[in-house]
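One structure below.
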Amino acid sequence: MTSILDQTVATQIPRPGSAALDTAPTEWEGNGRHARSGFPAPETRPSRTAAPAGTRAIIRAVNVKKRYVMGEDNYVDALRDASLEIHAGEMIAVMGPSGSGKSTLLHILGCLDSLDTGEVWLDGRRVDDLSRRALADLRRNEVGFIFQTFNLVPSFTALENVMLAAEYAGKSRREARVAAHAALVQVGLADREEHRPTELSGGQQQRVAIARALVNCPKVIFGDEPTGNLDSQSSAEIVRMMHDINEDTGTTFVLVTHDPGVADTCDRVFHMLDGRVTNGHHA
Amino acid sequence: MRTLRNLFRRRLRVMLTIFGITIGVLALVVMGGMAEKMGLLVDGGTKYYSDKVVVGADGTLYSGAPLSLSKADEIRKVDGVAEVTSGIGALLDPDTTMSFGMPPMFDGSDMRGERLESFPLEYAKGRGLTPADVGCVVLGSDMVKRFKAGVGDTVTVRGEQFTVVGILEPTLTAPDTEVFMTLPDAQRLFIQDLPAMVRNQVDQSDLVNSMTVYPTPGTDPEVLAARINETVDGVEAMGPSAFQEQIAGFMGIFNAIIYGIAIIALFVGGLSVINTMTMSVNERTREIGVRKAIGASDRQIVGQFLTESGIIGLIGGVSGLFLGWLAATIADRVLEGRNLDLFLISPRLAIGSVVFAIFLGLVSGLYPSFHAARLQPVLALRYE
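Quick mapping for you: the protein sequence lines, in order, are chains A and B.
All the letters of the first sequence, read from the start, carry residue numbers 92 to 374 under this note's numbering.
All the letters of the second sequence, read from the start, carry residue numbers 99 to 482 under this note's numbering.
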């Protein structure tokens, strides 16, 4: 356990071409106050100081708090004060013990869950106070999700599962079919299009899920333990595939993982404990 | 196709739910078919009686009690009477005690008012009767089935032989189940029905049991009926409203009961759709979470579940319609020997039943669909 927690300094691998993504100044700069919220700019934010200079912040979480209330005097503080900043094109791992709040943070960043206080910014836009409709819009166009248990619709073929996301994004049946086919080619499953999830191996199902996440060309793909249900060989394949996509398309990946092997391949690792990013605010 | 596959993942339950709707629609189609048939009879009657006055023996209208032909001459003298047709209508089978719909009748008249008759009778084959056609009959369309006879054939009515000279087009009302003959033939058959004491006292050629009075142009049949009741003793005259009040009013209650039963059956089917769809939403909570995670809007989730419940309604409606049609057809075939034709599955009933079933499916799917759409994606994803 200590070996994982010892990796508190965000590992940073220089990425070819990442500096060229965006050189625009972030909204943190200026008078030391947050330009839109008036929130104090966290000068000591390690994610900012540790990030490659001149990159664009694609995700920013500021002092996010989330409490799950189960009943009177029965609640869980899933996030106590979580802050982080992720830059466009990065491959990020989020690690931490069970119950440390990493999945909750992932869900909040991915607009699947609401927060109690704090702010979440996605590509320069504040998203924590959006309407249900605007959030659905964001989920379909800006972000993609990959889950530990793949979560494919069991009665649909691989192609139909990928098409579903494209159709939700407003594509016609025919356009969705073309886009879904292209995404399945990208993950090497062109010959499995007509297979149902039960006819595919775990690794293949996860590749279908990646194709589904990819089909609407999102800015960020969130993975909640994407290799958690896979053997080591499939796991390595999936990780390699995500890296390839990351390099080819510049899509940002944020992966919650227990697997140090997966985390090692990422550009940076955030560690969480008790609802805080430990190598974030307090590092 | 995808919706169907998704729907039939829980095949048994969905089949049972569809079956629930099917039973409801079956009830609606069968009962409605009966009501439609009755409705047509009543409509035909309303139309037939709309411009004339019916006269029977005093206090016994519609009962077929005997009346003297001489009363027709008294009625002709009443102001506003254009012509009077006298006739006899009686049950074809004297031992028929109760009947559903119109029982088969034989009907003989002196045809005096025929030129004033507004109710259209068309001949499918052969020709109409004239007063000279003693020993001849014209068959209503349903009677062709009973006698299995065509024009020129001989049929036996009450033990006597008659020659068929004409066959009517279907009217979907009373004439379909009638055998038309001349008055003297009808008088001869009818007198057998009278009790022996009465039979010996009446003159067969003077015997009728109903008269149809045609008003002169511009005369209100209701006013004329009142005038006849005032001036002619021993008869009872009734205008169009009497038929409406006595028959149509009764039919309205009858229809309300029939449709009421069918709607209750369908309502139960609808509850079963709500139950199934709610269970389906609960079971698929995780799938709903995934769909929302990959971008489904509330409206798309509602659309998905409403489509599924609408399809349950559609399949249930179509299969119920088919089974109802089958049941009605078989029942009519079986009852044919007893001269009953109970059902009419009209296009409006058929389309209405299926549309109602789809509507029911959609309405029943509303609550589960909105419940599904309101699920928090992350809570739905965590659901085991």
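In this text, a Cβ means the ideal position worked out from N, Cα and C, and glycines have one as well.
Being a predicted model, the structure only gives us computed values, none of them experimental.
Rounded separation between residue 340 of chain A and residue 181 of chain A - CA only: Walking along the first sequence from the start, residue 340 of chain A turns up at place 249. Walking along the first sequence from the start, residue 181 of chain A turns up at place 90. Cα to Cα, residue 340 of chain A sits roughly 11 Å from residue 181 of chain A.
Pick from A:159, A:208, A:247 and A:231 that is closest to residue 99 of chain B, judged by C-alpha positions: Counting from 1 along the second sequence, the entry for residue 99 of chain B is found at position 1. It is A:247.
Same chain, Cβ closer than 6 Å to residue 423 of chain B, neighbours up to 5 away in sequence not counted: Along the second sequence, one-based indexing puts residue 423 of chain B at 325. If we look at residue 423 of chain B and ignore the five residues flanking it on each side, its Cβ neighbours are 443.
Per-residue contacts from residue 173 of chain A into chain B (C-beta, under 8 Å): The residue labelled residue 173 of chain A in the question sits at position 82 within the first sequence. Within chain B, no residue comes near residue 173 of chain A; the closest Cβ sits about 16 Å away, beyond 8 Å.
Contact list for residue 316 of chain A against chain B, beta-carbon separation under 8 Å: Position 225 of the first sequence, counted from the start, is the residue given in the question as residue 316 of chain A. The premise fails here: residue 316 of chain A is roughly 12 Å from chain B at the closest Cβ pair, so nothing lies under 8 Å.
Where residue 389 of chain B sits in the DSSP three-state scheme: What you label residue 389 of chain B is simply residue 291 of the second sequence in a count that begins at 1. Three-state DSSP puts residue 389 of chain B in a helix.
Reduced DSSP secondary structure (H/G/I, E/B, other) of residue 205 of chain B: Here residue 205 of chain B refers to the residue found at position 107 when the second sequence is read from its first residue. Strand, per DSSP.
The segment 147-154 of chain B contacting the segment 331-341 of chain B, beta-carbon criterion three pairs below 8 Å: yes
Residue 299 of chain B - containing alpha helix (DSSP H), residue span: Numbered from 1 along the second sequence, position 201 holds the residue referred to as residue 299 of chain B. Residue 299 of chain B -> alpha helix (DSSP H) spans 294-299.
Within chain B, the residues that residue 284 of chain A reaches when beta carbons sit closer than 8 Å: Residue numbering aside, residue 284 of chain A sits at position 193 when the first sequence is read from its first letter. Going along chain B, no residue has its Cβ under 8 Å from residue 284 of chain A, so there is no contact; the nearest lies around 14 Å.
Residue 173 of chain B and residue 223 of chain B closer than 8 Å at C-beta: Here residue 173 of chain B corresponds to residue number 75 of the second sequence, with the count starting at 1. Here residue 223 of chain B corresponds to residue number 125 of the second sequence, with the count starting at 1. For residue 173 of chain B and residue 223 of chain B, no; Cβs fall outside 8 Å.
Start-to-end residues for the alpha helix (DSSP H) that takes in residue 502 of chain B: Here chain B has residues from 99 to 482 only, and residue 502 of chain B is not among them.
Three-state class that DSSP yields for residue 183 of chain B in the structure shown: As a working mapping, residue 183 of chain B is identified with position 85 in the second sequence. Here residue 183 of chain B sits in strand by DSSP.
Length of the line joining the Cα atoms of residue 319 of chain A and residue 285 of chain A: Here the question's residue 319 of chain A lines up with position 228 in the first sequence. Here the question's residue 285 of chain A lines up with position 194 in the first sequence. Cα to Cα, residue 319 of chain A sits roughly 26 Å from residue 285 of chain A.
Residue 292 of chain A, DSSP secondary structure in three states: One-based indexing of the first sequence puts residue 292 of chain A at position 201. Coil.
Bridge-paired residues (DSSP) for residue 228 of chain B: Within the second sequence, numbered from 1, the residue matching residue 228 of chain B stands at position 130. Residue 228 of chain B is not bridged to any residue.
C-alpha gap between residue 233 of chain B and residue 260 of chain B, whole angstroms: Counting from one through the second sequence, the residue named residue 233 of chain B turns up at place 135. Counting from one through the second sequence, the residue named residue 260 of chain B turns up at place 162. One C-alpha to the other measures close to 5 Å.
Which residues DSSP lists as bridging residue 170 of chain A, in chain order: Start at 1 with the first residue of the first sequence, and residue 170 of chain A comes out as number 79. According to DSSP, which records beta bridges pairwise, residue 170 of chain A is partnered with A:157.
Proximal residues of chain B, C-beta to C-beta of residue 361 of chain A below 8 Å: Here residue 361 of chain A is taken as the residue at index 270 of the first sequence, counted from 1. Neighbours of residue 361 of chain A on chain B: none; closest Cβ ~20 Å, over 8 Å.
Contact under 8 Å by Cβ, residue 274 of chain B with residue 240 of chain B: Counting from one through the second sequence, the residue named residue 274 of chain B turns up at place 176. Counting from one through the second sequence, the residue named residue 240 of chain B turns up at place 142. For residue 274 of chain B and residue 240 of chain B, yes; Cβs fall inside 8 Å.
Rounded straight-line distance, which links the Cα of residue 131 of chain B to that of residue 76 of chain B: Absent from the model: residue 76 of chain B. The displayed extent of chain B is 99 to 482, so no value can be given.
Local conformation of residue 236 of chain B per DSSP, three classes: Taking the first residue of the second sequence as 1, we reach residue 236 of chain B at position 138. Note: residue 236 of chain B maps to strand in three-state DSSP.
Min CB distance residue 349 of chain A to chain B below 8 Å: Translated into positions along the first sequence, residue 349 of chain A becomes position 258. No, residue 349 of chain A lies away from the interface with chain B (no Cβ there is under 8 Å from its Cβ).
Candidates B:429, B:269, B:263 and B:267: closest to residue 280 of chain B by CA position: As a working mapping, residue 280 of chain B is identified with position 182 in the second sequence. Measuring from the Cα of residue 280 of chain B, the nearest candidate turns out to be B:263.
Residue 356 of chain B, buried or exposed, once every other Cβ within 10 Å from all chains shown has been counted against 16: By 1-based counting over the second sequence, the position of residue 356 of chain B is 258. Under this definition residue 356 of chain B is a buried residue.
Pairwise C-alpha distance: residue 380 of chain B and residue 312 of chain A: Your numbering for residue 312 of chain A matches position 221 in the first sequence. Your numbering for residue 380 of chain B matches position 282 in the second sequence. Distance between the alpha carbons of residue 312 of chain A and residue 380 of chain B: 28 Å.
Simplified DSSP state of residue 377 of chain A, which is helix, strand or coil: This structure cannot settle anything about residue 377 of chain A, because the visible part of chain A is limited to 92 through 374.
CB contact check: residue 272 of chain A to chain B, cutoff 8 Å: Stepping through the first sequence from its first residue, residue 272 of chain A is reached at position 181. Chain B contact via Cβ: absent.
CB contact below 8 Å: residue 475 of chain B versus chain A: Counting from one through the second sequence, the residue named residue 475 of chain B turns up at place 377. Closer than 8 Å to some Cβ of chain A, the Cβ of residue 475 of chain B qualifies, so yes.
C-beta neighbour in chain A for residue 373 of chain B, strict 8 Å: Position 275 of the second sequence, counted from the start, is the residue given in the question as residue 373 of chain B. Residue 373 of chain B does not count as touching chain A.
Contact with chain B by residue 264 of chain A, beta-carbon distance below 8 Å: Indexing the first sequence from 1 puts residue 264 of chain A at position 173. Closer than 8 Å: no.
CB contact check: residue 110 of chain B to chain A, cutoff 8 Å: The residue given as residue 110 of chain B occupies position 12 in the second sequence. It does not: the Cβ of residue 110 of chain B has no partner Cβ on chain A nearer than 8 Å.
The segment 280-295 of chain A in contact with the segment 247-259 of chain A per 3-pair CB rule at 8 Å: yes
Within chain B, the residues that residue 259 of chain A reaches when beta carbons sit closer than 8 Å: Looking up residue 259 of chain A in the first sequence gives position 168. Ordered by position in chain B, the residues that pass the 8 Å Cβ test against residue 259 of chain A are 389, 392, 393, 394, 395 and 398.
Bounding residues of the beta strand (DSSP E) (the contiguous stretch that carries residue 421 of chain B): Mapped onto the second sequence, residue 421 of chain B falls at position 323. Run containing residue 421 of chain B: none in the beta strand (DSSP E); it sits in the alpha helix (DSSP H), 396-433.
Proximity winner among B:269, B:139 and B:374, relative to residue 113 of chain B (alpha-carbon distances): By one-based count along the second sequence, residue 113 of chain B stands at place 15. Of the listed residues, the one whose Cα sits closest to residue 113 of chain B is B:374.
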